[in-house]
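Trainee: Just so you know, the sequence shown maps onto residues 1 to 143 in our numbering. Glycine included, C-beta positions come from ideal geometry on N, C-alpha and C.
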Amino acid sequence: MRMNLAASIAAVLVMGGAPAAVNGDATGGAPSLQPGVALGQPNVTIPNPPLFITPPRLGFYVGVETPYDIFFAYDAYYLYYGTSWYRAAGYKGPWTIVHHDTLPPIIRKYRIESIRQYRDMEYRTFRRERDRYRGRSFRPDKR
Numbered sequence: 001m002r003m004n005l006a007a008s009i010a011a012v013l014v015m016g017g018a019p020a021a022v023n024g025d026a027t028g029g030a031p032s033l034q035p036g037v038a039l040g041q042p043n044v045t046i047p048n049p050p051l052f053i054t055p056p057r058l059g060f061y062v063g064v065e066t067p068y069d070i071f072f073a074y075d076a077y078y079l080y081y082g083t084s085w086y087r088a089a090g091y092k093g094p095w096t097i098v099h100h101d102t103l104p105p106i107i108r109k110y111r112i113e114s115i116r117q118y119r120d121m122e123y124r125t126f127r128r129e130r131d132r133y134r135g136r137s138f139r140p141d142k143r
């Protein structure tokens with residue numbers, strides 16, 4: 001008994017404890033991931049520069065014509081993927097997970113559902129007016 005306890009304590013000390021994103025069960029149940037916590041890089045591939053437009057209600061760029069929730073504000077790209085937020089210097093990554101509280105206030109003040117709604121409304125305007133579109137838009141250089 002003492003040997004098992006000592007070995008368990010030594011293993012925890014050597015390994016540095018359990019990862020913060022894993023929940024263990026004192027009864028021996030299987031560990032589970034906490035919601036909203038991502039491990040590693042998101043499984044995202046953006047081969048070509050996405051088009052970004054700025055819905056007036058939001059005040060920051062949102063990616064369109066892409067399957068990802070990607071945004072541009074304050075010289076950085078932000079990605080909402082799964083249930084987590086990521087930040088990168090370029091639209092292709094590499095992505096670093098960021099806590100919601102560290103997002104720029106201009107992004108943080110909106111729920112992702114509202115951002116998507118404003119994005120979709122502005123994109124409909126963009127498609128309808130294409131050549132006459134008077135909103136702000138840009139496409140980053142391909143890297």
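Got a sec, what are the start and stop residues for the beta strand (DSSP E) F71 sits in?
Mentor: Counted as a single uninterrupted DSSP element, the beta strand (DSSP E) harbouring F71 occupies residues 69-73.
Trainee: Beta carbon of R143, beta carbon of Y91: below 9 Å?
Mentor: yes
Trainee: Among P55, G93, I53, whose alpha-carbon lies nearest the alpha-carbon of I46?
Mentor: G93
Trainee: Considering only residues of the same chain and omitting the five flanking positions on each side of R87, which have a CB-CB separation below 6 Å?
Mentor: A76, Y78, T96, V98
Trainee: Can you find the residues in the same chain that come closer than 8 Å, C-beta to C-beta, to F126, ignoring five residues on each side of it along the sequence?
Mentor: I53, V64, Y133, G135, S137
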